[in-house]
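Worksheet: the structure to be examined is printed underneath.
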Amino acid sequence: MDWSKQVVLVTGGTGSFGKKMIKILLEEYHPAKIIVYSRDELKQHEMRVAGYEHPSLRYFIGDVRDQQRLRRAFHGVSLVVHAAALKQVPACEYNPMEAIKTNILGSSNVVDAALDAGVEKVIALSTDKAVNPVNLYGATKLAAEKLFVQSNAYAGGTATRFSCVRYGNVVGSRGSVVPIFIKQRQNGILTITDDRMTRFWISLEQGVRFTLRCSEQMSGGEVFVPKIPSTTITDLAKAIAPDARINIIGIRPGEKLHEVLISEDENRNTIELDDMFVVQPAEAYWFGREWEKRGKPLPSDYRYASNTNTEWLNVDQIRELVAPFENNGDSGNAE
């Protein structure tokens, strides 16, 4: 993949994922053009003020709900990274139709616009909450995954291909527990919904680099899952505020004790590589299943879950991971 010839568009490009991706693209990949596509003019202005100015960088105002605007923006684009979504679980529960319009219908608009504009590759961000979802956010992300995987069949004889990346919580993203704990630390009391809870964790940079690598390797229809460590919520609390008192408030609606990245039902179509899993489409005439030559199938009872993970972060490792957010508890919006 010759990055110097690529025209890259990032939906939700003003979020923390989008900003980190654009920074890495500008500094290391040097594509011909990068388009920041988002609906918030203030955030675009703030990006410019923060130094996101470059001859190859363009700012487009637009919403993924607006299919005509997407078609216009996708003209001449070779790679779309679809990061735009409503991501806060409580907000999605309280505003279900808004979550559906953005996360499902918006994803459908991205697919249609990409097919119409002849975009070569489209890769969408998903979440562990899409596996066996218990909240609306996870359900909308599951639907978006299904849309992206099966939309490869709509491409016909054209070159357009769609894939997804699926990973866990991003350290320090807005609404995540890390900035909340950092803020609560000032009062000496941390609120935890359930002290048995475990989560997958990934840094923003790891998520961006994984997405870029998968965009280079995708054939269309894969769901790429990185191998990432787990933490217990209690170790996270100890790492951020070791002297704080813990207040257990009870699990919230739509919240799980543990997260799953590969379910038992998916493992029959999943290939394990050294540092990731590749969930292949169950039925796809366009898909060559070449991943089976590069990795190994999973055991029939395998389940990649945060509580049964083989890789765990200890308190010192967690401190190192959250250190960049100690002076800035809110880094933006990400998965």
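Residue numbers (my numbering): 91 to 425.
We treat Cβ as the ideally placed atom computed from N, Cα and C, and that holds for glycine.
- Distance from the CA of VAL179 to the CA of VAL260, rounded to the nearest whole angstrom, comes to 14 Å.
- Inclusion of SER320 and SER263 in the CB contact set at 9 Å is not warranted, their separation being larger than that value.
- Taking a 10 Å sphere around the C-beta of ASP218, we find 16 or more other C-beta atoms and assign the residue as buried.
- Counted as a single uninterrupted DSSP element, the alpha helix (DSSP H) harbouring GLU188 occupies residues 186 to 189.
- In the three-state scheme derived from DSSP, where H, G and I count as helix and E and B as strand, VAL170 is classed as strand.
- One thing to note: ALA207 has its Cβ no nearer than 9 Å to the Cβ of ARG148.
- Proximity of the segment 192 to 202 to the segment 151 to 159 meets the contact definition, three or more beta-carbon pairs being nearer than 8 Å.
- Residue range 366 to 369 is occupied by the beta strand (DSSP E) that includes PHE367.
- Note on the segment 288 to 327: whole beta strand (DSSP E) runs with a minimum of 3 residues are 288 to 292, 313 to 316, 320 to 322, in chain order.
- Inter-segment contact for the segment 136 to 146 and the segment 101 to 112 is present: three or more beta-carbon pairs are separated by less than 8 Å.
- The beta carbon of LEU116 sits closer than 6 Å to the beta carbons of HIS144 from its chain, once the five residues preceding and following it are set aside; these are given in chain order.
- Contact between the segment 361 to 370 and the segment 308 to 327 is present: 3 or more CB-CB pairs across the two stretches fall below 8 Å.
- Distance check between PHE377 and each of TYR257, GLY246, LYS386 places GLY246 closest, using alpha-carbon atoms only.
- Listed in chain order, the non-local C-beta contacts of ALA220 below 7 Å within the same chain comprise GLY228, LYS231, LEU232, GLU235, ARG256, local neighbours out to five positions each way being set aside.
- Annotation for LEU99: no alpha helix (DSSP H) segment contains it, though the beta strand (DSSP E) segment containing it runs 97 to 101.
- DSSP places LYS211 in no alpha helix (DSSP H) but in the uninterrupted beta strand (DSSP E) bounded by 211 to 217.
- Around the beta carbon of LYS346, 16 or more other beta carbons sit within 10 angstroms, so the residue counts as buried.
- Two segments are said to touch when three or more pairs of C-beta atoms, one from each, lie closer than 8 Å; by this definition the segment 293 to 313 touches the segment 373 to 392.
- Listed in chain order, the non-local C-beta contacts of TYR119 below 6 Å within the same chain comprise TRP93, local neighbours out to five positions each way being set aside.
- Between the segment 342 to 360 and the segment 323 to 330 there are fewer than three C-beta pairs closer than 8 Å, too few to call the two in contact.
- For PHE271, the enclosing alpha helix (DSSP H) has its first and last residue at 267 to 274.
- Assigned with DSSP and collapsed to three states, ASN225 falls in coil, not helix or strand.
- Minimum Cα-Cα distance from HIS172 among the listed residues GLU131, LYS191, SER216 corresponds to SER216.
- Between LEU302 and ILE336, the gap from beta carbon to beta carbon reaches 9 Å or more.
- Our two residues, LYS123 and VAL100, have alpha carbons roughly 11 Å apart in a direct line.
- Following the DSSP letters along the chain, one finds ASN199 in no beta strand (DSSP E) but inside the alpha helix (DSSP H) bounded by residues 196 to 207.
- Within the same chain, VAL126, TYR127, SER128 come within 6 Å of GLY103 by CB-CB distance, once the 5 residues on both sides are set aside.
- Residue environment analysis places GLY340 among the exposed positions, since fewer than 16 neighbouring C-beta atoms fall within 10 angstroms of its C-beta.
- For GLY105, the closest C-alpha among the options VAL298, GLU210, GLU410, PRO186 is that of VAL298.
- Of the candidates ALA175, PRO223, ASN185, GLU306, GLU306 places its Cα closest to the Cα of SER253.
- The C-beta distance from GLY344 to ASN225 rounds to 3 Å, short enough to fall under 8 Å.
- Just measuring C-alpha positions, the residue of ILE213, LEU351, TYR184, PRO121 sitting nearest TYR394 is LEU351.
- Residue environment for PRO269: buried (at least 16 other C-beta atoms within 10 angstroms of its C-beta).
- Taken through DSSP and simplified to helix, strand or coil, TYR244 comes out as helix.
- Rounded to the nearest whole angstrom, the C-alpha separation of ARG384 and ASP391 is 21 Å.
- Here TYR257 is bridged, per DSSP, to THR217.
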